[in-house]
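Just so you know, my numbering puts the end of the sequence shown at 269, numbered straight through with nothing missing. This report concerns only the one structure given below.
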Amino acid sequence: MGVVYAVKHSRIGKRAALKVLQRRLTDIQLNAERMLLEAQVVNAIGHPGIVDIFDVGATDDGRPYIVMEYLAGRSLAEHEPDVDESLAILGQVCDALIAAHEAGVVHRDLKPENIFLVETGGDVPRVKLLDWGIARMLHAETRHTFEGQVVGTPRYLAPEQARGEPVTAKTDVYSLGVVAYELLLLQPPFVGTNSTELLAMHLLVEPRPPRELWADIPDHLDRLLRGMLAKAPAARPTMREVAAQLARGRNVVLRPTGDAAGADPGTDPGRSSRTRRLRTDSDGK
């Protein structure tokens, strides 16, 4: 939807990120409403793990923009954390999503590119969730998508999204489950040649059991990944339950053996090319 610029306030010098709607988009009014919704959603949640938005407006040629906090770091798609760091990052994502769900908001587009890691100088970066432009306010009267319309990124789409059905907080649980599967098992649960094939897999195919990819995976993490990727929303854990199980897994000394992801994470594409795969798949953008 937009182009993001690094900017500085001309009078007080404050740095910020400015997202401006792309000129090629034709429905300016609808997309302006979506950008305004993003600002309203972020401020309604008010969580430190969600990118802050300071202002909204429009350029001289009528394109809407939002002004966000400037973040120094990189996205999760550009980072290769070990198991313990992965669990810590996922735990922070859960904290932000718990706050969002309590505010009646579903993100609908969780993926590594929207999980930003702010460098703090410590062992674990600070997480900021980005891009709330297609978030759904569950109790809002105004809707910016129609029932039956598929929104989100195919690689991380929950089955109910693939069917164009209403979303719930469990929708975010599924998408986060796909991210967690990638981080802990070094490969996505589903790989398709196009978006249609991926959507069909989310609907009909069971992912490979975690233990086949990580022989020594702790039992509770094995159950957690399988539960988060359950086809039926009612069968998935709540985000609070996910957070609790991730916290149990912190400081695990075991590491994936790389069976299917590669015999040795240092030499096999399982780990070494994982970031490249996430960033270059046309169906994962």
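No residue lacks a Cβ here, since even glycine has one placed at the ideal position from N, Cα and C. Since the model is a prediction, treat every value here as computed from it, not as a measurement.
{"Check": "Simplified DSSP assignment, three categories, for G211", "Outcome": "helix"}
{"Check": "Identity of the residue in R92, G30, L74, E103 nearest A56 by Cα", "Outcome": "E103"}
{"Check": "Buried/exposed call for Q6, threshold 16 Cβ in 10 Å", "Outcome": "exposed"}
{"Check": "Option nearest E144 by Cα separation, candidates P138, T155, T137", "Outcome": "T155"}
{"Check": "Cβ pair count under 8 Å reaching 3, the stretch 73 to 81 against the stretch 94 to 112", "Outcome": "yes"}
{"Check": "Three-way DSSP call (helix, strand, coil) for R120 in this model", "Outcome": "strand"}
{"Check": "Enclosing beta strand (DSSP E) for Y49 [first to last residue]", "Outcome": "48 to 53"}
{"Check": "Beta-ladder partner(s) of R18, from DSSP", "Outcome": "BP columns for R18 are empty, so no partner."}
{"Check": "Contacts around N98, its chain only, beta-carbon distance under 7 Å, and the 5 residues preceding and following it disregarded", "Outcome": "L113, L114, D115"}
{"Check": "Boundaries of the alpha helix (DSSP H) in which V87 is found, first to last residue", "Outcome": "It should be pointed out that residue 87 corresponds to Ala in this sequence rather than to Val. Counting along the chain, A87 falls outside any alpha helix (DSSP H), and DSSP gives it neither H nor E."}
{"Check": "DSSP state of L262 mapped onto helix, strand, coil", "Outcome": "Any reading at L262 must be qualified, since the residue scores a pLDDT of 35, below 50, and its modelled position is unreliable; the value itself is stated next. Helix, per DSSP."}
{"Check": "Opposing strand residues paired with A164 [DSSP bridges]", "Outcome": "Looking at the DSSP assignment, A164 forms no beta bridge with any residue, so it has no partner."}
{"Check": "Own chain partners of R224 with C-beta closer than 7 Å, once the 5 adjacent residues on each side are dropped", "Outcome": "I82"}
{"Check": "Inter-residue Cα distance where the pair is L2 and A(-10)", "Outcome": "6 Å"}
{"Check": "Whole-number beta carbon distance between Y49 and A0, since they are thought to touch under 8 Å", "Outcome": "Contact flag wrong, Cβ pair sits at about 11 Å."}
{"Check": "Member of V51, F100, P172, H31 whose CA lies at the smallest distance from the CA of P138", "Outcome": "P172"}
{"Check": "Of the residues E190, P194, E181, the one placed nearest L168, counting alpha carbons only", "Outcome": "P194"}
{"Check": "DSSP state of V67 mapped onto helix, strand, coil", "Outcome": "helix"}
{"Check": "Nonlocal neighbours in the same chain, by C-beta distance under 7 Å from L182, ignoring five residues either side", "Outcome": "P138, R139, F174, G176, D267"}
{"Check": "Neighbourhood of F130 by C-beta, 7 Å cutoff - its chain only, sequence neighbours within 5 removed", "Outcome": "With a pLDDT of 42 at F130, under the threshold of 50, the modelled position of this residue cannot be trusted, and the question is left open."}
{"Check": "Same chain, Cβ closer than 6 Å to I37, five either side skipped, listed in chain order", "Outcome": "A23, V26, I50, M52"}
{"Check": "Paired residues, beta bridge with D39 - DSSP", "Outcome": "V51"}
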